[in-house]
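Asker: Take a look at this one; I'll ask things after.
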DNA sequence: GTGAAAGCGCTAACAA
DNA sequence: TTGTTAGCGCTTTCAC
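Residue numbers (the numbering used here), protein chains in the order written: chain X, -14 to 327; chain V, -14 to 327.
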């Protein structure tokens, strides 16, 4: 018996089946309110029985939209990543689905060129908009895209560009660290140290300011209680040792889980117990709630990536439907994931 | 001064500029060998000067191909994931780029339905093929896609379905563990324990068989040296304690980094040093080279995800260009990432 | 409320 | 080697 290859149904197929014109079927799909209830039902039945699904390419060609959001994946840096990208992509894909959008992944041929890849996708109209995530390098893509009036939304504030007027979503690192300060201070800690990144990191300084500000609000001193350096375990370890020999803090707040791992190591090496009781334990709090934090039972500030994704897509959607609206930023507050390290 | 909106160039624009027909421009792009060198040059110049890029939607409509590969992102399981997905998506996006393909992310509306999402993308011809990665659940999507003759490639062997005839790429866990056995045995360890997953896990048993087989090949015993259980830190810890009180192994090979984390904890609690010297240290080896492994300096078996991605895309490409070719599987060998835990 | 006409931008097939 | 014709499947526009 020869396999009967059923031709893929098109609008015409459905129209013939339902005894209406092609256009009516299209309307049934895109503007059902235009049809008489009875007609709609008949068309619907034909669609169902034929298993018709509109052809994306044809629709894209006609509507000049692809319903695709471009996301550039930058090179995977071994060890340095806190593994947030995984969670973020998930969240983004999910958020997109709710708007009938999809995420298209792309990579740069030349990773050192922050603009590489965008132009090709844009020129071929393969995507409608971009989500830009590389906020650590000062986001040169943002300005380029802005200048070309490409619809995009950034995950990350335009720290270094006060004239930037594109929509963005970011996580309030300062508020997250303030949360951590409150947490350990509420537990009775008074000498609360900060271990962070170099001064030239906007994000690092933002997080640090949460510590400084909230400590002062709680009437606690911060002098001689902080260190700045590379985002490495080793620096975390060394900084912790140095601080312990000096001001002897009973709590360490860190700009990253990586640094916190170093603190944990230092405490272990010195035989100091980790935990929330300031009487005989030292509390440690990280940032990002990464896999290592979960594994080592480290309290950590967790970025609300799911919310971030939803907001990004919402802004994108707004931007695509009402391009004239004023752009704005959205700042989301992280939460504290409490674990045994505090 | 009114902003002059330059119309987006099309084939016709370029053709007019170059003084040739639309088709010739198309050929210059897709079959340049058909053109006379001089014509090609002229067309090329017109393309460059106008900044022309072919419209994807139009091309897709005409060629009935989208150059898009669908990848379903399954729900992010907190803590359980070893964070490989991040690296894998990177590698896949990169491999796709080299073939002019792109990855389209999608998620299921109903996560419990392993087929959800595939049909819609397929019906609308939004993607040309799929990469299926959910091999842990026995891969029900594979059979469904196979039955519908949907082009797809699986990351993971069809363990439970000997009749499966789709192309796949997988990592040889058995060989990876054998590597780990050799490593510790070469360093002088003789009592080498295995801590793995429950017996119903194909992957777990495959990895375990690498231990059993290679141990015997090296003339070493395996009895009373293994444990099976949940993939949790806690089980790793408990299993390690139990084994230490019994056969007192000097090396632990684990089916996952998670389990290895537990072993590390147990050793630390007992005051046993970790390292490669069998005289006074216990060696620990994990599997997956996850972030926690990197952070805790744990030796681990590393899956060659970059190669996996390249092979997946190669098979996909083959399958899409010569659909009649016989399908086959590709088994790749992992490597051992040596660190201080061994 | 429904249908007919037109055309989005491209490439396959064929003619010149 | 280049040009012409036709049409992929859809939606916008406008007539009925």
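C-beta atoms are modelled at their ideal positions from N, C-alpha and C, and glycine is treated no differently.
Would you identify the three-state DSSP class for residue 283 of chain V, choosing helix, strand or coil?
Answerer: coil
Asker: Cβ of residue 297 of chain X less than 7 Å from any chain V Cβ?
Answerer: no
Asker: Looking at the unbroken alpha helix (DSSP H) that takes in residue 32 of chain X, where does it start and where does it end?
Answerer: From DSSP, the alpha helix (DSSP H) with residue 32 of chain X extends over 22 to 35.
Asker: Over the uninterrupted beta strand (DSSP E) stretch that includes residue 180 of chain V, give me the two end residues.
Answerer: 177 to 182
Asker: Between the alpha carbons of residue 279 of chain X and residue 115 of chain X, how many angstroms are there, rounded?
Answerer: 31 Å
Asker: Please decide whether residue -13 of chain X counts as near chain V, where near means a Cβ-Cβ distance under 7 Å.
Answerer: Confidence in residue -13 of chain X is poor, its pLDDT being 33 and thus under 50, which makes the residue's placement unreliable; the coordinate value appears in the next sentence. So no, residue -13 of chain X is outside the interface.
Asker: Taking the alpha carbon of residue 113 of chain V as the point to measure from, which residue in V/52, V/151, V/143 has its own alpha carbon closest?
Answerer: V/52
Asker: Could you give the DSSP three-state label for residue 81 of chain X: helix, strand or coil?
Answerer: Here residue 81 of chain X sits in helix by DSSP.
Asker: For residue 30 of chain V, would you say it is in contact with chain X, using Cβ-to-Cβ distances shorter than 7 Å as the test?
Answerer: no
Asker: By the 10 Å Cβ neighbour count, where 16 or more other Cβ atoms means buried, how is residue 148 of chain V classified, buried or exposed?
Answerer: exposed
Asker: Which class does residue 96 of chain X belong to by DSSP, given the choice of helix, strand or coil?
Answerer: coil
Asker: Just the Cα atoms here: how many angstroms apart are residue 198 of chain V and residue 126 of chain X?
Answerer: Cα to Cα, residue 198 of chain V sits roughly 53 Å from residue 126 of chain X.
Asker: Since residue 218 of chain V meets chain X, which of its residues come closer than 7 Å, beta carbon to beta carbon?
Answerer: 280
Asker: Could you tell me whether the region -3 to 5 of chain V touches the region 261 to 270 of chain X, using the rule of 3 or more Cβ pairs below 8 Å?
Answerer: no
Asker: Given that residue 272 of chain V touches chain X, what residues does it touch there, using C-beta distances under 8 Å?
Answerer: Near residue 272 of chain V there are no residues of chain X at all, since even the closest Cβ is about 14 Å away, more than 8 Å.
Asker: So, is the C-beta of residue 68 of chain V closer than 7 Å to a C-beta in chain X?
Answerer: yes
Asker: Starting from residue 218 of chain X, follow the beta strand (DSSP E) in both directions and report where the run begins and ends.
Answerer: Going by DSSP, residue 218 of chain X is part of no beta strand (DSSP E) but of the alpha helix (DSSP H) stretching over 218 to 230.
Asker: What does residue 132 of chain V touch in chain X if you count any residue whose Cβ is under 9 Å from its own?
Answerer: Neighbours of residue 132 of chain V on chain X: none; closest Cβ ~12 Å, over 9 Å.
Asker: When the cut-off is 7 Å and only beta carbons count, does residue 137 of chain X lie next to chain V?
Answerer: no
Asker: Just the chain V side, please: which residues come within less than 8 Å of residue 277 of chain X by C-beta, in chain order?
Answerer: 276, 277, 280, 281
Asker: Less than 8 Å between the CB atoms is what I'm expecting for residue 67 of chain V and residue 327 of chain V, so what's the real figure, rounded?
Answerer: Going by Cβ atoms, the distance from residue 67 of chain V to residue 327 of chain V rounds to 19 Å, so no, they are not a contact pair.
Asker: Within 7 Å (strictly less), CB to CB, does residue 140 of chain X reach chain V?
Answerer: no
Asker: Give me the Cα-Cα distance between residue 166 of chain V and residue 257 of chain X, rounded to the nearest whole angstrom.
Answerer: One Cα belongs to residue 166 of chain V, the other to residue 257 of chain X, and the distance between them is close to 35 Å.
Asker: Identify the contact partners of residue -5 of chain X in chain V, using a Cβ-Cβ distance below 7 Å as the criterion.
Answerer: Correct list: empty, because the minimum Cβ distance to chain V is about 11 Å.
Asker: What did DSSP end up calling residue 327 of chain X once you bin it into helix, strand or coil?
Answerer: It is coil, neither helix nor strand.
Asker: Please report the distance separating the alpha-carbon of residue 80 of chain X from that of residue 227 of chain X.
Answerer: 45 Å
Asker: Tell me whether the beta-carbon of residue 185 of chain V lies closer than 7 Å to the beta-carbon of residue 158 of chain V.
Answerer: Annotated as distal: residue 185 of chain V and residue 158 of chain V, with beta-carbon spacing of 7 Å or more.
Asker: With three or more beta-carbon pairs closer than 8 Å as the criterion, would you say the region 201 to 216 of chain X touches the region 292 to 304 of chain X?
Answerer: The region 201 to 216 of chain X, when compared against the region 292 to 304 of chain X, does not touch it at the 8 Å Cβ threshold.
Asker: Give every residue of the same chain whose Cβ lies closer than 6 Å to the Cβ of residue 37 of chain X, excluding the five residues on either side of it in the sequence, and list them in chain order.
Answerer: -6, -1
Asker: Using the C-alpha atoms, what's the distance from residue 324 of chain V back to residue 284 of chain V?
Answerer: 5 Å
Asker: Let me see if you follow: with CB-CB separation under 7 Å, is residue -10 of chain X close to chain V or not?
Answerer: With a pLDDT of only 48 at residue -10 of chain X, under 50, the local geometry of the prediction cannot be trusted, and the value read off the model is given with reservation. Cβ-Cβ to chain V under 7 Å: no for residue -10 of chain X.
Asker: Return the chain-ordered list of same chain residues with a C-beta closer than 8 Å to the C-beta of residue 232 of chain V, the five sequence neighbours on each side being excluded.
Answerer: In the same chain as residue 232 of chain V, and ignoring 5 residues on each side of it, the C-beta atoms closer than 8 Å to its own belong to 176, 178, 209, 210, in chain order.
Asker: Roughly how many angstroms separate the alpha carbons of residue 144 of chain X and residue 156 of chain X, rounded to a whole number?
Answerer: 13 Å
Asker: Over the uninterrupted beta strand (DSSP E) stretch that includes residue 153 of chain V, give me the two end residues.
Answerer: 153 to 156
Asker: Using only CA atoms, which one of X/89, X/39, X/222 lies nearest to residue 281 of chain V?
Answerer: X/222
Asker: Is residue 85 of chain V buried or exposed, if buried means 16 or more other CB atoms sit within 10 Å of its CB?
Answerer: exposed
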